[in-house]
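Engineer: Quick note: the sequence shown uses my numbering, first residue 9, plus one each step. Positions of the beta carbon are idealized from the N, C-alpha and C atoms, including for glycine.
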Amino acid sequence: MGRPFCNNIIVKRGEPIMVSPPQEEIKGKGVFSLSFLDHIVCWVRTIYGFKSNERGNEMAGQVFKTALSKLLVHYYPLAGRLTVVSREKLAVSCYEKGVVFVEAEADFGERIP
9 MGRPFCNNII VKRGEPIMVS PPQEEIKGKG VFSLSFLDHI VCWVRTIYGF KSNERGNEMA
69 GQVFKTALSK LLVHYYPLAG RLTVVSREKL AVSCYEKGVV FVEAEADFGE RIP
C-alpha cells in the first residue's frame, strides 16, 4: 500500500437525492432482458476528485446533477432496477425511477511531503 498524502480527511456528505431524466425526453420504458454475461456481478467503489485553478466549486454539485439527468436520457438502463423475470433470469426494469446522487465535500488538510 502507498504512503498517505495527507494527515486527515474530513468529509461533509449531503442528503441522497434522486436524479431522473427530463420526463419529456425519456426514450425507453419497459423491462429489458440481460444476457448471461450481464449476470456477473462486481462492485467497484470509486471516488473522483478534481481541483480547478480557474474557478471555485460552488456550482459543481448542480453541474453534475444536470449532466447526470441529461445523460440518463440516452443511457436510461443505468437508471433501471434489477428484477427477476423468471428463475435465474435477470432483467433491467426501466420506469423513470432515476439514480441516487450524493453530493460531498472533502477537506484533505495539509499535504504530506
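Excluding the 5 residues preceding and the 5 following H82 in the sequence, name in chain order all residues of the same chain whose CB lies nearer than 6 angstroms to its CB.
Structural biologist: The count along the sequence shown starts at 1 and reaches residue 82 at position 74. Around H82: no qualifying Cβ.
Engineer: Identify the continuous beta strand (DSSP E) that holds A99 and give its terminal residues.
Structural biologist: As a first step, residue 99 must be located in the sequence shown, where it is residue number 91. Residues K97 to C102.
Engineer: Spatial neighbours of A112 within its chain, please: CB distance less than 7 angstroms, with the 5 preceding and 5 following residues excluded, ordered by chain position.
Structural biologist: Taking the sequence shown and counting its residues from 1, one reaches residue 112 at position 104. Contacts found: V19, K20, R21 and G22.
Engineer: Is the number of C-beta pairs between the region 70-82 and the region 95-111 that are closer than 8 angstroms three or more?
Structural biologist: yes
Engineer: In three-state terms, what does DSSP make of S77?
Structural biologist: As a first step, residue 77 is located in the sequence shown; it is residue number 69 there, counting from the start. Here DSSP, grouped into helix, strand and coil, assigns S77 to helix.
Engineer: Closest to V100 by CA distance: which of P85, V52 and S94 is it?
Structural biologist: Within the sequence shown, residue 100 is the residue found at index 92, counting from 1. The residue with the shortest Cα to Cα distance from V100 is P85.
Engineer: Mind checking A114: buried by the 16 CB within 10 Å criterion, or exposed?
Structural biologist: Position 106 of the sequence shown, counted from the start, is the residue given in the question as residue 114. Counting every other CB atom within 10 Å of its CB across the protein chains shown gives A114 a total below 16, marking it as exposed.
Engineer: Identify whether A90 lies in helix, strand or coil by the three-state DSSP scheme.
Structural biologist: For the purposes of this step, residue 90 is identified with residue 82 of the sequence shown, where counting begins at 1. Checking the sequence, you will find Leu at residue 90 rather than Ala. Here L90 sits in strand by DSSP.
Engineer: Can you find the residues in the same chain that come closer than 7 angstroms, C-beta to C-beta, to V92, ignoring five residues on each side of it along the sequence?
Structural biologist: Walking along the sequence shown from the start, residue 92 turns up at place 84. Only L98 meet the Cβ criterion.
Engineer: What distance in whole Å lies between the Cβ atoms of R89 and K105, which are believed to be in contact at a cut-off of 8 angstroms?
Structural biologist: Within the sequence shown, residue 105 is the residue found at index 97, counting from 1. Within the sequence shown, residue 89 is the residue found at index 81, counting from 1. By a beta-carbon distance limit of 8 angstroms, K105 contacts R89. Their separation comes to about 6 angstroms.
Engineer: Please identify the residue among G117, F116, P29 and E96 whose C-alpha is closest to the C-alpha of I48.
Structural biologist: In the sequence shown, counting from the first residue as 1, residue 48 sits at position 40. With distances taken between Cα atoms, I48 lies closest to E96.
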